[in-house]
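Engineer: Here it is, the structure in full.
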Amino acid sequence: MKPSVVIALAAVLLVAAQYASLADAYGPRVIIVGAGMSGISTGKRLWESGVRDLLILEATERVGGRMHKHNFGGLNVEIGANWVEGVGGDKVNPIWPIVNSTLKLRNFYSDFDSVVGNVYKEDGGLYDEDYVQQRMDRAYEVDDMGTNLTKMMDPSGRDDISVLAMQRLFNHQPNGPATPVDMALDYFIYDYEFAEPPRVTSLQNTNPLPTDADFGEDSQFVADQRGFESIIHYVGSSYLSTDANGAISDRRVLLNKVVRRIAYNNRGVVVKTEDGSAYGADFVVVSTSLGVLQSDLIQFTPQLPFWKIAAIYRFDMAVYTKIFLKFPRRFWPVGEGKQFFVYASRRRGYYGMWQSFEREYPGANVLLVTVTDDESRRIEQQPDNVTKAEAVAVLRKMFPDADVPDATDIYVPRWWSNRFFKGSYSNWPIGVNRYEYDQLRAPVGRVYFTGEHTSEHYNGYVHGAYLAGVDSANILINRIFRNEEYKVRGKYDNQAAEVNGKVAEAK
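Right under this line is the structure:
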């Protein structure tokens, strides 16, 4: 280590040690890095437990993270999280009552079953609905076989395979989906949910999907001018000051504070920001995205241990891009069963998933097309006018008999290129189990971690981010008030417990 680095480290840790000496008198101070759902949820739980000295550092100019409304053509549309997924089951998704009962945000049931009647040929016109339904039924039949297969897999994850391997096993897609229809339906079932293709997505940890199994299979699309992010402001309002519109405006939430270094030892932490400021505390909770942790935005001093770094890099940060297009007039069909339509291209994921907003925003003449993964990265790197031309060309192929005008406006979010996010949400890769998840959320000394990627069952979802904040706060609360260190479960603990149980039964 260079002498200058040693001196700088000594200086910041001295600040931490000086602050820590006051902790017993005033209670512990906790810095939370990030004002998204997990960060605000963490703060709420800490506050409820009696930890009152909180400071939240947010890199951007707003509270909300990946829940982000954007004014497009006079409408506030959601460029990030948009759905409450997991509604209608026996258990209640914790986000649903806030949306539907407390805030009463406008929301609409998403009729994904109607997709089979709206699959368009590459050269225009609809595929026969009965044929598409047969292919969809077969896809879901194989998906159910995959669910049964996971029940026989070792909980350690050592038997895990990809979703594509499962399809091959049941002779559904031995070489991957080949026809445009099979490819489009496969994309709709998997990529549209996980933002990555079946060949890289874990079967064991996504099938059955815990969100659907626990909370229900319905999805409610939030389309409210207050924005989906108003949920975060509501959660934070229990311990943070808000303005007349209910938005967080507390002096303990500092915006445009880009954290670049976190120095820590057994006495405390110092968080340094890009503007040269330094903040001392007893603990820090890092709620940045997995993509940021995988980048070099934040330097940890000393460097995080190998087991932590390895866990961070074992998980995928997927890219899910919602492209908004405005037209001078409507040319696409609307009405019952016409909310979603699919372009069955021979090129997987090429402007395939379309959504009409006629029900949510009548007369707005806005369409949403979703792309993911490599297509997202490709589109982020090209000018928007090129993307607009590509998307309109696809629509003209889908509707050859319609007079499809040029789009008057386009908005392309760039989650992957944005250094404060580096992607949309995490996806569970092959061969990773709860042991690695425990490592991912495990603290390193006085540095704690949270985020949707640390949710044991619901990574990638808004409710996962909310619950992860609560879970991570509880881990810190146990450390503060009970001096309990977080224990990472052994990789084969579940297996050992099962074996021991069978031995006990035999006796």
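Read in order, the letters of the sequence shown are residues -25 to -1, 1 to 482 in mature numbering (1 follows the signal peptide of the UniProt record, and there is no 0). Note that the Cβ used here is the ideal one computed from N, Cα and C, for glycine as well. Owing to the predicted nature of the structure, the values given are computational and were not obtained by experimental measurement.
(1) Would you call the CB atoms of Ile455 and Val26 closer than 8 Å?
(2) Let me know the secondary structure DSSP gives Arg322 once reduced to three states.
(3) Give a yes or no on whether the C-beta atoms belonging to Asp135 and Met128 are separated by under 8 Å.
(4) What does a CB cutoff of less than 7 Å around Ser(-5) pick up in its chain, not counting 5 residues either side in sequence?
(5) Along the beta strand (DSSP E) that carries Gln330, what are the first and last residues, could you check?
(6) Below 7 Å CB to CB, which residues in the same chain sit around Val117 once its five sequence neighbours on both sides are set aside?
(7) Hey, quick one: how far does the alpha helix (DSSP H) through residue 494 stretch, first residue to last?
(8) Would you identify the three-state DSSP class for Pro418, choosing helix, strand or coil?
(9) Output the distance between the C-alpha atoms of Gln278 and Ile287, rounded to the nearest integer angstrom.
(10) What number of angstroms, rounded off, separates the C-alpha of Arg235 from the C-alpha of Ala56?
(11) Drop a sphere of 10 angstroms on the beta-carbon of Ala153, count the other beta-carbons inside from all chains shown, and report buried for 16 or more, exposed for fewer.
(12) How far does the beta strand (DSSP E) with Gln195 in it extend, from its first residue to its last?
(13) Suppose the cutoff is 8 Å on Cβ atoms and the five residues either side in sequence are ignored; what does the same chain contact list for Ile164 look like?
(14) Considering Ile54, what are the terminal residues of the alpha helix (DSSP H) in which it resides?
(15) Among Ala448, Tyr436 and Leu300, which residue has its Cα nearest to the Cα of Ala170?
(16) Among the residues of its own chain, which have a CB less than 8 Å from the CB of Pro303, if the five just before and after it don't count?
(17) Answer yes or no: do Leu443 and Ser89 have a C-beta to C-beta separation smaller than 8 Å?
(18) Under a three-way DSSP split, which group does Gly49 fall into?
(19) What whole-angstrom Cβ distance do Ala256 and Gly243 have, given they're in contact under 8 Å?
(20) Would Asn180 be called buried (16 or more neighbouring beta carbons within 10 Å of its own) or exposed?
(21) Would DSSP call Gly92 helix, strand or coil?
(22) Using a 10 Å radius around the Cβ and a threshold of 16 neighbouring Cβ atoms, would you call Pro388 buried or exposed?
(23) Given a cut-off of 8 Å, decide if Ile6 and Tyr254 are closer than it, judged by their beta-carbon atoms.
(24) What are the complete beta strand (DSSP E) segments, minimum 3 residues, inside the segment 225 to 303?
(25) What is the residue span of the beta strand (DSSP E) that Asp98 lies within?
(26) Strictly by DSSP, which residues pair up with Ser401?
(27) What residues match up with Tyr162 in a beta bridge as DSSP calls it?
(28) Which ranges does the beta strand (DSSP E) cover as unbroken runs of at least 3 residues, wholly within the segment 364 to 411, from first to last along the chain?
(29) Going by beta-carbon coordinates alone, are Leu178 and Gly132 separated by less than 8 Å?
(30) Smallest Cα separation from Pro3: which of Ile452, Val463 and Gly465?
(31) Going straight from the alpha carbon of Pro155 to that of Tyr295, what length do you get?
(32) Please say whether Phe316 and Tyr95 have beta carbons closer to each other than 8 Å?
(33) According to DSSP, simplified to helix, strand and coil, what is Ile207?
(34) What's the gap between the Cα of Ile54 and the Cα of Leu21?
(35) With which residues is Lys44 paired in a DSSP beta bridge?
(36) Can you tell which of Glu36, Gly211, Val62 and Lys19 has its C-alpha closest to the C-alpha of Glu192?
Structural biologist: Judging by the given coordinates:
(1) yes
(2) coil
(3) yes
(4) For Ser(-5), the predicted model reports a pLDDT of 42, less than 50, meaning its position is unreliable; a value from the coordinates is still stated below. So the list is empty, once near-sequence residues are dropped.
(5) Met328 to Ser331
(6) Gln142, Phe145 and His147
(7) For the chain, the structure presents residues -25 to 482; residue 494 sits outside this window and is missing.
(8) coil
(9) 13 Å
(10) 26 Å
(11) exposed
(12) Asp193 to Val197
(13) Ala114, Tyr115 and Asp118
(14) Unbroken run through Ile54: none, as it is neither H nor E.
(15) Tyr436
(16) Asn340, Pro380 and Thr383
(17) Position check: residue 443 holds Ala in this sequence, whereas Leu was assumed. In this structure, Ser89 does not lie closer than 8 Å to Ala443 by Cβ.
(18) coil
(19) 6 Å
(20) buried
(21) helix
(22) buried
(23) yes
(24) 234 to 239, 244 to 248, 253 to 256, 258 to 261, 274 to 276, 291 to 293 and 295 to 301
(25) From DSSP, Asp98 is part of no beta strand (DSSP E); its letter is neither H nor E.
(26) Met292
(27) Tyr162 is not bridged to any residue.
(28) 384 to 386 and 400 to 402
(29) no
(30) Ile452
(31) 21 Å
(32) yes
(33) helix
(34) 30 Å
(35) Glu53
(36) Val62
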